[in-house]
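Under mature numbering (1 follows the signal peptide of the UniProt record, and there is no 0), the letters of the sequence shown match residues -19 to -1, 1 to 414, in that order.
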Amino acid sequence: MKHLLIAACTWLCVPAVFAQQKIKHVVLITIDGFRPDFYLEPGWNTPHLRAMMQEGTHAKGVNSVFPSMTYPSHTAIVTGVQPATHGIYYNDLYDETGKGKGNYWKDSSIQVPTLWSVLHNRGMKVASLYWPVSAGAPVDYNIPDIGGRGEAVRDAYTKPAGFIETVKKDVFNGDKVSAGKDQNTARIAAWIIEKDAPAYMNMHLFSVDHAEHVQGRNGEMVKEAIADADEAVAIVREALVKKGIWDSSMLIVTGDHGFVDVHTTVNPNAWLKQAGLLNDREHGDWKAQFYYSGGSAWLYLKQPGDHKTLNAVKKILANLPDSSKRYIRMIDRKQLDKAKANPEVVLALTAEQNAAFGGKPEEAAVKPGKGGTHGYFPDFREIRTGFLVVAPGVKAGGVIQEMNLRDIAPIVARALQISFPTAEGKVPDGLFE
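Here you go:
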């Protein structure tokens, strides 16, 4: 409690006389599964996030990408472009055999400039903590998200060499570094700020996402996780104040997607199997299959341009009984192009009525589901994420009605006064005074 009171005081008692000073440091924090209601609605233990609303500007909703998944979304944040342009289409790589190829994880997979590459090329100090698709990134400090590849791989891609051992000793008294508690990631960030005060740092907190997958949008795990994330934000804020750079810093807290409660699981590959279009994909006996990604499913044809099979799939979907059809909405290629989503597929499905997708053709086409998920087409309130920013020159008490994830990179670029012409987003009107 004492820590919370001290943090709250430093939060609200920083004088406004610094408002016109140049921003020299940006810390960008993502809370995976971050929803605007965590700071807009009462009942959530988020005093530091609500304090940011008073001192800075907040958004009522931020549109994600399609699919509204962690890796494509985080890549949109640091590139300012949509998945079709940056090249990270899902969390995991598509594998036509159904066995799985693992997640995207190397920075080299990103097809356009990133904030960290542009800043590095300008000789600015950059740090990244547990950020998706960041292994091998041109940064000075890096503990990348490497999926399930093990600590040896993480150590090999951590910068500087031996950094994990350093923070074990200096931050965790020799204990194992665990990012499962968001405050631990914040403590590492605070150490970096104290030692080196980088010009730009991005960090990924993921406990809230885990809790929402288990319990859906509400529940004790979710309440505890967002409270932990809120305290992590306070730790970073305190580090900036303690270092004496708060008056020249921008602090952004945002997310990657919202969340939907799941009551039903739909396996569209079961319909393709029944129609003889998906017999044995492991051995290449298939004509069409859906790759599922949470609340979306993506149709691949074995032979590109196979209009006969495509029309057969469309007919299957059109002829479904209402009891099944109610759970799906088709996103055609024209809509995918407008959303700048994966160019490799011929159509996609987005789930509705609290449904999510599975991909196993041998399972029931429709069955009960539980927990929560994301990945849906980003055109409804529950799947939106949040955004808060405090910085010199940013309007206090400002409100952005709606913005996009791709707008965040241009905000950072404007703050640090760098050119970032490849970004397609824009700085929201009225953000800066």
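The beta-carbon is built from N, C-alpha and C at its ideal position, and this holds for glycine as well.
A direct Cα-Cα distance of roughly 7 Å separates I169 from V148. In chain order, G276, N335, G353, T354, H355, Y357, E363, I364 place their CB closer than 7 Å to the CB of V241, counting only its own chain and leaving out the 5 sequence neighbours on each side.
DSSP, reduced to helix, strand and coil, places F271 within a strand of the structure shown.
Of the other Cβ atoms in all chains shown, 16 or more fall within 10 Å of the Cβ of K268; this residue is therefore buried.
In this structure, Q382 lies near K41, with their beta-carbon atoms less than 7 Å apart. When the alpha-carbon of T11 is set against those of S400, D410, L386, the nearest one is in L386. For P119, no alpha helix (DSSP H) segment is defined, and its DSSP state is neither H nor E.
For K150, the enclosing alpha helix (DSSP H) begins and ends at 144 to 151.
Boundaries of the alpha helix (DSSP H) harbouring R135: 132 to 138, taken from the DSSP string. F401 carries a coil assignment under DSSP once its states are collapsed to helix, strand and coil. Contact between D13 and G236 holds, with the beta-carbon distance rounding to 7 Å and staying under 8 Å. Fewer than three pairs of CB atoms, one per stretch, sit closer than 8 Å, so the region 95 to 106 makes no contact with the region 127 to 145.
Rounded to the nearest whole angstrom, the CA to CA distance from A322 to Q92 is 14 Å.
Spanning the alpha carbons of G197 and K348 requires a straight line of approximately 18 Å. The beta carbons of M384 and P409 sit closer together than 7 Å. A check of alpha carbon separations from W86 across A65, T139, V46 identifies T139 as the nearest. Here A32 is buried, its C-beta having at least 16 other C-beta atoms within 10 Å. If you draw a 10 Å sphere on the C-beta of D126, you find 16 or more other C-beta atoms in it, and that means buried. In the DSSP assignment, W172 falls within the alpha helix (DSSP H) that extends over 163 to 177. Runs of the alpha helix (DSSP H) lying entirely within the region 288 to 365 and spanning at least 4 residues, in chain order: 288 to 299, 303 to 306, 314 to 320.
The beta carbon of W172 lies closer than 7 Å to those of V148, D151, V152 in the same chain, with the five residues before and after it left out.
If you draw a straight line from the Cα of T60 to the Cα of F401, it is about 9 Å long. For F368, the secondary structure class from DSSP, reduced to helix, strand or coil, is strand. DSSP, reduced to helix, strand and coil, places S230 within a strand of the structure shown. Nearest in C-alpha terms to V8, of all of D76, V222, Y308, A57, is V222. The beta carbon of A206 is closer than 6 Å to those of S188, V189, A192 in its chain, skipping five residues each way along the sequence. Spanning the alpha carbons of I312 and A329 requires a straight line of approximately 5 Å.
Using a Cβ-Cβ distance cut-off of 8 Å, the region 272 to 287 and the region 41 to 58 are in contact, since at least three pairs of beta carbons, one from each stretch, lie closer than that value.
Straight across, the Cα-Cα distance linking M182 with F368 is about 17 Å. Counting along the chain, N102 sits inside the alpha helix (DSSP H) bounded by residues 96 to 102. Residue D73 holds the alpha-carbon nearest to the alpha-carbon of G83 among D73, I216, D287, S89. Collapsing the DSSP output to three states places S277 in a strand.
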